[in-house]
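Novice: This is the structure I want to talk about, given as structure tokens.
Number of protein chains: 2
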Amino acid sequence: MDPVRFELIHVDRQTGARRGRLYTPHGTVETPVYMPVGTQATVKAMKPRDLEECGASIILSNTYHLYMRPGHMLVKELGGLHSFMNWDHPILTDSGGFQVFSLAGINDIRDDGVFFRSHIDGSRHFFTPESVMEIEEALGADIAMCFDECAPVPSEHSYALRAMNRTHRWAERCKASHTRKDQALFGIVQGNTYRDLRIESAKTLAAMDFPGYGIGGLSVGEPKPVMYEMLEEIMPFMPSPKPRYLMGVGSPDCLLEGIRRGVDMFDCVLQTRSARNGLALTRTGRIMLRNAKYERDSRPIEDGCDCYACRHYSRAYLRHLIKANEILAAMLITEHNIRFSVRLMEDARKAIEEDRYGDFSSELLGGGIYTN
Amino acid sequence: MDPVRFELIHVDRQTGARRGRLYTPHGTVETPVYMPVGTQATVKAMKPRDLEECGASIILSNTYHLYMRPGHMLVKELGGLHSFMNWDHPILTDSGGFQVFSLAGINDIRDDGVFFRSHIDGSRHFFTPESVMEIEEALGADIAMCFDECAPVPSEHSYALRAMNRTHRWAERCKASHTRKDQALFGIVQGNTYRDLRIESAKTLAAMDFPGYGIGGLSVGEPKPVMYEMLEEIMPFMPSPKPRYLMGVGSPDCLLEGIRRGVDMFDCVLQTRSARNGLALTRTGRIMLRNAKYERDSRPIEDGCDCYACRHYSRAYLRHLIKANEILAAMLITEHNIRFSVRLMEDARKAIEEDRYGDFSSELLGGGIYTN
Chain A
302 MDPVRFELIH VDRQTGARRG RLYTPHGTVE TPVYMPVGTQ ATVKAMKPRD LEECGASIIL
362 SNTYHLYMRP GHMLVKELGG LHSFMNWDHP ILTDSGGFQV FSLAGINDIR DDGVFFRSHI
422 DGSRHFFTPE SVMEIEEALG ADIAMCFDEC APVPSEHSYA LRAMNRTHRW AERCKASHTR
482 KDQALFGIVQ GNTYRDLRIE SAKTLAAMDF PGYGIGGLSV GEPKPVMYEM LEEIMPFMPS
542 PKPRYLMGVG SPDCLLEGIR RGVDMFDCVL QTRSARNGLA LTRTGRIMLR NAKYERDSRP
602 IEDGCDCYAC RHYSRAYLRH LIKANEILAA MLITEHNIRF SVRLMEDARK AIEEDRYGDF
662 SSELLGGGIY TN
Chain B
302 MDPVRFELIH VDRQTGARRG RLYTPHGTVE TPVYMPVGTQ ATVKAMKPRD LEECGASIIL
362 SNTYHLYMRP GHMLVKELGG LHSFMNWDHP ILTDSGGFQV FSLAGINDIR DDGVFFRSHI
422 DGSRHFFTPE SVMEIEEALG ADIAMCFDEC APVPSEHSYA LRAMNRTHRW AERCKASHTR
482 KDQALFGIVQ GNTYRDLRIE SAKTLAAMDF PGYGIGGLSV GEPKPVMYEM LEEIMPFMPS
542 PKPRYLMGVG SPDCLLEGIR RGVDMFDCVL QTRSARNGLA LTRTGRIMLR NAKYERDSRP
602 IEDGCDCYAC RHYSRAYLRH LIKANEILAA MLITEHNIRF SVRLMEDARK AIEEDRYGDF
662 SSELLGGGIY TN
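Note that the protein sequences, when read in sequence, are chains A and B. When we follow this note's numbering, the leftmost residue of the first sequence carries the number 302, and every step to the right adds one. When we follow this note's numbering, the leftmost residue of the second sequence carries the number 302, and every step to the right adds one.
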């Protein structure tokens with residue numbers, strides 16, 4: 302029996318949007334779902350309890366960062382990631398692939414693995430599909446991701462092809478070396494912005510029969526229409542009974558557009574990172590709370606929002622906190638942005654169930670929902 | 302009818318420690334009490350809800366800071382401090398006296414008031430007893446403090462005398478100009494480290510019949526025994542039916558020593574400030590959570606503590622958060638330090654009720670409780 306199982310409940314008749322359910326060892330996740338990011342074993346400025354209240358049902362944590370600090374063996378020794386960070390709900394860990402190829406200093410990409418330098422202290426490290434499986438198993442998330450090569454955009458077709466093929470060989474090796482029975486391993490579709498490669502990657506991964514699939518290497522600088530086109534190209538080749546996870550996406554518009562094209566899972570740091578800069582998301586656009594125009598504004602961030610910040614605080618107060626460099630500013634705005642995104646997913650799920658997701662998403666996209 | 306009323310419930314037979322109760326427009330405060338400090342209309346890194354869960358019953362906010370930013374008229378316009386910061390429990394505001402004489406750049410101390418420069422932008426301001434009353438009334442705390450001159454330690458006797466007399470004249474003027482019926486105004490005893498001045502100040506203020514008294518100008522660099530001696534000297538002259546508030550104190554040892562000498566109220570930033578540096582208070586000493594020796598320590602900060610941090614997290618996790626510069630570190634350690642201090646007061650109150658406060662405080666002071 303697979304530790305993680307996906308149930309496709311309904312497909313919206315107006316679009317290809319999917320309403321599903323993901324069963325994991327730490328609980329059930331209703332999809333489509335937005336996963337807040339807890340890079341260093343904490344969703345920045347949020348207690349787990351606050352996350353629960355926001356309705357977050359699953360979070361992502363970053364393998365590369367936890368390997369670097371505090372070290373996966375320490376996390377394991379302290380009972381694994383769930384216990385370490387006091388989050389008794391589902392967790393997904395990425396593979397570090399994206400970070401190794403973007404954040405760290407790459408020394409050498411070889412077929413057996415990647416030499417890179419730590420972004421913290423410059424120390425030299427070597428990741429292989431096997432070592433990444435060992436790290437992810439030590440962390441003990443419900444869902445682990447395969448180690449992949451995330452080629453930059455733009456890349457030559459020839460390079461994108463090599464990176465894709467390496468990603469496929471690495472996926473085989475990850476699968477072969479993954480042993481943990483209470484953890485699912487998802488494959489990752491690559492192929493850069495090339496239609497033929499994306500389709501080939503989707504087919505190849507599908508043949509490997511993973512319990513779920515990431516779609517990687519998108520939202521890395523290409524125009525959004527290119528990302529949407531890639532999604533449309535691959536979807537016919539993505540196995541329908543398996544969950545589809547668009548990695549590192551999204552802003553509110555990308556969430557809506559991704560769902561419309563059949564994506565089930567998303568993660569993004571926009572919600573938390575922008576909050577720390579005083580940017581609040583709303584269905585009618587962004588609010589830069591630092592701006593002078595909010596100085597005496599007694600309204601909440603967003604009318605109708607049920608988050609702790611909106612229930613208790615004015616924009617004027619939040620602006621004051623930002624100007625005064627108070628930690629509470631980050632805490633409250635993060636809470637709003639996460640609740641905003643979770644609520645958007647709740648409403649999207651309802652719209653899918655009622656076969657009106659096309660109308661629902663079009664209305665929000667036309668109404669000026671925040672896009673970054 | 303006074304807006305704030307104090308009830309002396311019991312005096313410990315082993316010491317002069319007092320068990321009391323303070324009735325305010327926003328609720329009842331059991332004394333002795335530690336008041337967390339919310340300088341800029343937020344107790345740093347804490348939601349009001351978290352404060353409530355720590356058992357905090359009253360907080361302090363700083364008039365000088367709020368006058369500077371966001372401005373007392375803005376706070377008033379947004380419904381006053383309670384509403385602005387979402388704290389529907391008692392609040393005490395200091396008078397800005399201490400900040401004007403320590404934080405700001407003093408230009409000129411005159412009998413009618415003080416010219417000073419903002420620590421934020423260097424702009425020039427003038428505080429008088431009357432203007433401070435206006436500011437504190439706009440903020441709308443349950444308890445306001447008189448504007449006082451806080452002379453540095455050491456000061457010549459002649460200067461300390463002049464500052465004390467000015468403080469007394471200003472207290473008269475504060476009383477005369479204070480109009481808000483739902484706000485109590487406390488006087489402040491000054492006199493530097495001079496026994497004769499302290500006694501004279503206590504007597505003079507007592508004659509003015511304030512509903513409560515601050516003891517100011519202590520814990521500003523003098524040795525602790527000097528502070529304790531000053532407390533002992535003045536207590537016979539402090540009206541017993543009125544609450545006594547030792548301003549800007551204290552560390553755990555000072556809380557215990559102050560209570561022993563008849564103090565009812567305390568405020569201190571140590572709990573929150575040190576938390577942001579990774580220092581946790583315990584009954585057997587401080588824990589510098591950043592230290593390498595806590596790297597693999599699976600124990601909570603303090604055994605037996607019921608705070609959120611101690612119920613859910615290991616020292617190893619907290620150390621990781623500190624090393625990774627995560628905001629959650631400040632949030633969790635602050636919560637512990639406040640709960641620690643509130644719980645210390647809870648236990649002190651119980652010990653007083655049972656006439657064993659002498660034993661209680663001696664045991665803790667002998668057991669290595671954190672002293673700063």
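Ideal Cβ placement from N, Cα and C applies to all residues, glycine included.
At 7 Å on the CB atoms, spell out the chain B contacts of N387/A, in chain order.
Specialist: Numbered from 1 along the first sequence, position 86 holds the residue referred to as residue 387/A. Simply H613, Y614.
Novice: Could you tell me which residues DSSP puts in a beta bridge with S362/B?
Specialist: Locating residue 362/B in the second sequence gives position 61, counting from the first residue. Partner(s): T394/B.
Novice: Roughly how far, in whole angstroms, is the beta-carbon of K594/A from the beta-carbon of F538/A, given that I think they are within contact range, below 8 Å?
Specialist: As a working note, residue 594/A is residue 293 in the first sequence. As a working note, residue 538/A is residue 237 in the first sequence. That pair is no contact at about 49 Å.
Novice: Between which two residues does the alpha helix (DSSP H) harbouring T583/B extend?
Specialist: Taking the first residue of the second sequence as position 1, residue 583/B is located at position 282. Run containing T583/B: none in the alpha helix (DSSP H); it sits in the beta strand (DSSP E), 580–583.
Novice: When you compare the CB positions of A464/A and T394/A, do they come within less than 8 Å of one another, or not?
Specialist: Counting from 1 along the first sequence, the entry for residue 464/A is found at position 163. Counting from 1 along the first sequence, the entry for residue 394/A is found at position 93. No, these two residues do not count as a Cβ contact at 8 Å.
Novice: With distances taken Cα to Cα, identify the nearest neighbour of T672/A among E501/A, T585/A, M374/A, L309/A.
Specialist: On the first sequence, position 371 is the one that residue 672/A refers to. Looking at the Cα atoms, T585/A is the closest of the given residues.
Novice: Beta-carbon within less than 8 Å of G423/B's beta-carbon, same chain only, minus the 5 sequence neighbours each way: which residues are those?
Specialist: Your numbering for residue 423/B matches position 122 in the second sequence. So the qualifying residues of the chain are G406.
Novice: Between the C-alpha atoms of E647/B and L379/B, what's the straight-line distance to the nearest angstrom?
Specialist: Position 346 of the second sequence, counting from 1, holds the residue named residue 647/B. Position 78 of the second sequence, counting from 1, holds the residue named residue 379/B. Answer to the nearest angstrom: the Cα atoms are 34 Å apart.
Novice: When the cut-off is 8 Å and only beta carbons count, does P601/B lie next to chain A?
Specialist: As a position in the second sequence, residue 601/B is number 300, starting the count at 1. Cβ-Cβ to chain A under 8 Å: no for P601/B.
Novice: For H373/A, I'd like the list of residues in its chain whose CB is within less than 7 Å of its CB, leaving aside the five on either flank, ordered along the chain.
Specialist: Here residue 373/A refers to the residue found at position 72 of the first sequence. Closer than 7 Å at the Cβ level, and outside the excluded window around H373/A, lie L367, I436, A439, L440.
Novice: Hey, T635/A and A576/A are a contact pair by Cβ (cut 8 Å); roughly how many whole angstroms apart?
Specialist: Stepping through the first sequence from its first residue, residue 635/A is reached at position 334. Stepping through the first sequence from its first residue, residue 576/A is reached at position 275. At roughly 4 Å, the Cβ-Cβ gap stays under 8 Å, so T635/A and A576/A are in contact.
Novice: Is the beta carbon of M446/A less than 8 Å from the beta carbon of G515/A?
Specialist: To locate residue 446/A, count along the first sequence from 1; it is residue 145. To locate residue 515/A, count along the first sequence from 1; it is residue 214. Cβ distance < 8 Å, so M446/A and G515/A count as in contact.
Novice: Starting from N408/A and walking both ways along the alpha helix (DSSP H), at which residues does that stretch end?
Specialist: Here residue 408/A refers to the residue found at position 107 when the first sequence is read from its first residue. Looking at the DSSP string, N408/A is not in any alpha helix (DSSP H); the run it does join, the beta strand (DSSP E), is 406–410.
Novice: What does P371/A reach in chain B if we use C-beta pairs closer than 7 Å?
Specialist: Looking up residue 371/A in the first sequence gives position 70. What P371/A touches in chain B: H621.
Novice: Per DSSP, what kind of secondary structure is D604/B in: helix, strand or coil?
Specialist: Against the second sequence, residue 604/B aligns to sequence position 303. Coil at D604/B, not helix or strand.
Novice: Would you call the stretch 535–549 of chain B in contact with the stretch 602–609 of chain B, where contact means no fewer than 3 C-beta pairs closer than 8 Å?
Specialist: Touching, no, given that fewer than three Cβ pairs across the two stretches are closer than 8 Å.
Novice: So, with DSSP's three-state summary, where would you put I444/B?
Specialist: Residue mapping note: residue 444/B aligns to position 143 of the second sequence, counting from 1. Residue state, collapsed to three classes: strand.
Novice: Say whether chain A places a C-beta atom closer than 8 Å to the C-beta of M632/B.
Specialist: Taking the second sequence and counting its residues from 1, the one referred to as residue 632/B is at position 331. True, the Cβ-Cβ gap to chain A drops below 8 Å.
Novice: Nearest chain A C-beta to A280/B closer than 8 Å, yes or no?
Specialist: Given that chain B is displayed from residue 302 to residue 673, the structure contains no residue 280/B and the question cannot be resolved.
Novice: Hey, is I628/A's beta-carbon within less than 8 Å of any beta-carbon in chain B?
Specialist: As a working mapping, residue 628/A is identified with position 327 in the first sequence. Yes, I628/A lies at the interface with chain B (some Cβ there is under 8 Å from its Cβ).
Novice: From I410/A, T429/A, L557/A, R314/A, pick the residue whose C-alpha is nearest to that of G667/A; which is it?
Specialist: Counting from one through the first sequence, the residue named residue 667/A turns up at place 366. Looking at the Cα atoms, L557/A is the closest of the given residues.
Novice: Taking 8 Å as the threshold, find out whether the stretch 651–661 of chain A comes into contact with the stretch 619–631 of chain B through three or more Cβ pairs.
Specialist: At 8 Å Cβ cutoff, the stretches do not touch.
Novice: Taking Cβ positions only, does T364/A come closer than 8 Å to chain B?
Specialist: For the purposes of this step, residue 364/A is taken as residue 63 along the first sequence, with counting starting at 1. Closer than 8 Å: no.
Novice: Given this structure, state the Cα-to-Cα distance separating E664/B from G559/B, to the nearest angstrom.
Specialist: Your numbering for residue 664/B matches position 363 in the second sequence. Your numbering for residue 559/B matches position 258 in the second sequence. Spanning the two alpha carbons is a distance of roughly 15 Å.
Novice: Which residues does DSSP list as the beta-bridge partners of V330/A?
Specialist: Your numbering for residue 330/A matches position 29 in the first sequence. DSSP output for V330/A lists L323/A as bridge partner(s).
Novice: Which term fits I421/B, buried or exposed, when burial requires 16 or more other beta carbons within 10 angstroms of its beta carbon?
Specialist: Reading the second sequence from its first residue, position 120 is the one you call residue 421/B. I421/B is exposed by the Cβ-count criterion.
Novice: Assign A452/B to buried or exposed, taking buried as 16 or more other Cβ atoms, counted over all protein chains shown, within 10 Å of its Cβ.
Specialist: By 1-based counting over the second sequence, the position of residue 452/B is 151. A452/B should be labelled buried.
Novice: Between which two residues does the beta strand (DSSP E) carrying I516/B extend?
Specialist: In the second sequence, counting from the first residue as 1, residue 516/B sits at position 215. I516/B -> beta strand (DSSP E) spans 514–516.
Novice: Does chain A have any CB closer than 8 Å to the CB of K345/B?
Specialist: The residue given as residue 345/B occupies position 44 in the second sequence. Cβ-Cβ to chain A under 8 Å: yes for K345/B.
Novice: What residue does the alpha helix (DSSP H) around R612/B start on, and which one ends it?
Specialist: Locating residue 612/B in the second sequence gives position 311, counting from the first residue. That run of the alpha helix (DSSP H) goes 609–613.
Novice: Going by other Cβ atoms of all chains shown within 10 Å of its Cβ, with 16 needed for buried, is G518/A buried or exposed?
Specialist: Taking the first residue of the first sequence as 1, we reach residue 518/A at position 217. So G518/A ends up on the buried side.
Novice: Quick one: Cα of Q484/B to Cα of T325/B, how far?
Specialist: The residue labelled residue 484/B in the question sits at position 183 within the second sequence. The residue labelled residue 325/B in the question sits at position 24 within the second sequence. The alpha-carbon atoms of Q484/B and T325/B are separated by roughly 8 Å.
Novice: Identify, in the order they occur along the chain, each residue of the same chain with its Cβ nearer than 6 Å to the Cβ of L532/A, setting aside the five sequence neighbours on each side.
Specialist: In the first sequence, residue 532/A corresponds to position 231, counting from 1. If we look at L532/A and ignore the five residues flanking it on each side, its Cβ neighbours are R562.
Novice: Checking contacts by CB at 8 Å: is Y618/A closer than that to chain B?
Specialist: Taking the first residue of the first sequence as 1, we reach residue 618/A at position 317. Chain B, which has a Cβ nearer than 8 Å to the Cβ of Y618/A, makes this yes.
Novice: Determine whether the beta carbon atoms of L404/B and A461/B lie at a separation below 8 Å.
Specialist: Locating residue 404/B in the second sequence gives position 103, where the first residue counts as 1. Locating residue 461/B in the second sequence gives position 160, where the first residue counts as 1. Not closer than 8 Å, so no.
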